[in-house]
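Residue numbers (our numbering): 414 to 628.
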């Protein structure tokens, strides 16, 4: 099983943190030496309500009024091979409310941390296992999903919280030697899809505001 450095789960996000699983031994992947020479990805920046990451060439438009907790979560989980790029919430994670506290978390992990990782779909093995162990259920097994014409792999999960139901979509792609993951949390599939529609890749086509819900 691949050694998961960061797992993005709804339960962790609502506590304002990520679940981190550290490897006790260094990776023996043969590509580790080139990875040490690889330029470290920049953290990106938020300007005029939009997040921009030039290293991975994508941007994300922040919903108006959302809370940026990137620095707090980055300090908690930074490992040298893992980096939280963006962590935003509809309201502060500790604040109570009668609705699901929607969130978006974007992270990058060195692919060399996962011996045998060849495709983005491979990332969902340990992710799904741990997600289910926390009481979530798989709504849609990993499938190809286009964002700005760029093929990614998407998996959908859900978990009941009293009378409410949390919806989570995790999107993953491999880029520049990293597993780039995007986790979207909301109270409905429509809300999650609207959050995904704010994601742009350089040179891509504009996302529709509504994406067809997978049945």
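Ideal Cβ positions, reconstructed from N, Cα and C, are used throughout, including at glycine. No experiment lies behind these values; they were computed from the predicted model shown.
Presumed contact (8 Å Cβ cut-off) between residue i and residue j, rounded CB distance
i           : j           : result
residue 456 : residue 463 : Contact doesn't hold; Cβ gap of about 15 Å is too wide.
residue 516 : residue 598 : 4 Å
residue 575 : residue 512 : So it is not a contact: roughly 11 Å between Cβ atoms.
Beta bridge counterpart(s) of residue i as assigned by DSSP
i           : result
residue 470 : In DSSP, residue 470 forms no bridge with anything.
residue 522 : 495 and 592
residue 572 : 579
residue 605 : Beta-bridge pairing links residue 605 to no other residue.
residue 502 : 480 and 516
residue 586 : 593
residue 487 : Looking at the DSSP assignment, residue 487 forms no beta bridge with any residue, so it has no partner.
residue 529 : Beta-bridge pairing links residue 529 to no other residue.
residue 454 : Answer is none; residue 454 lacks a bridge partner.
residue 463 : 460 and 474
Residue nearest to residue i in terms of C-alpha spacing, selected from the options
i           : options               : result
residue 547 : 570, 553 and 612      : 570
residue 583 : 561, 562, 606 and 512 : 606
residue 611 : 467, 466 and 476      : 476
residue 556 : 549, 466 and 568      : 568
residue 553 : 458, 482, 502 and 602 : 602
residue 609 : 581, 589 and 544      : 581
residue 482 : 510, 512, 519 and 465 : 519
residue 478 : 614, 543 and 461      : 461
residue 545 : 573, 527 and 564      : 573
residue 510 : 558, 543 and 577      : 577
Same chain, Cβ closer than 6 Å to residue i, neighbours up to 5 away in sequence not counted
i           : result
residue 505 : 480
residue 533 : 566, 585, 586 and 587
residue 474 : 463 and 611
residue 560 : 612
residue 537 : 555 and 568
Endpoints, beta strand (DSSP E) assigned at residue i
i           : result
residue 599 : 591–599
residue 555 : 550–560
residue 458 : 458–460
Spatial neighbours of residue i in its chain, beta-carbon cut-off 8 Å, leaving aside the 5 residues before and after
i           : result
residue 521 : 454, 469, 495, 496, 498, 591, 592, 593 and 594
residue 467 : 455 and 457
residue 449 : The pLDDT assigned to residue 449 is 46, lower than 50, so where the model puts this residue is not dependable; a value taken from the coordinates is nonetheless given after this. No residues qualify anywhere along the chain.
Residue i: CB within 6 Å of a non-hydrogen atom of the ligand NAP
i           : result
residue 550 : The ligand NAP is absent from the structure shown, which contains no ligands of any kind.
Unbroken alpha helix (DSSP H) run spanning residue i, endpoints
i           : result
residue 612 : Where residue 612 is concerned, there is no enclosing alpha helix (DSSP H), although the beta strand (DSSP E) it sits in stretches over 612–614.
residue 540 : 537–546
Same chain, Cβ closer than 7 Å to residue i, neighbours up to 5 away in sequence not counted
i           : result
residue 514 : 427, 502, 503, 504 and 506
residue 500 : 482, 483, 486 and 518
residue 438 : Residue placement at residue 438 cannot be trusted, given a pLDDT of 33 that sits under 50; what the coordinates show is reported in the next sentence. Answer for residue 438: no residue qualifies.
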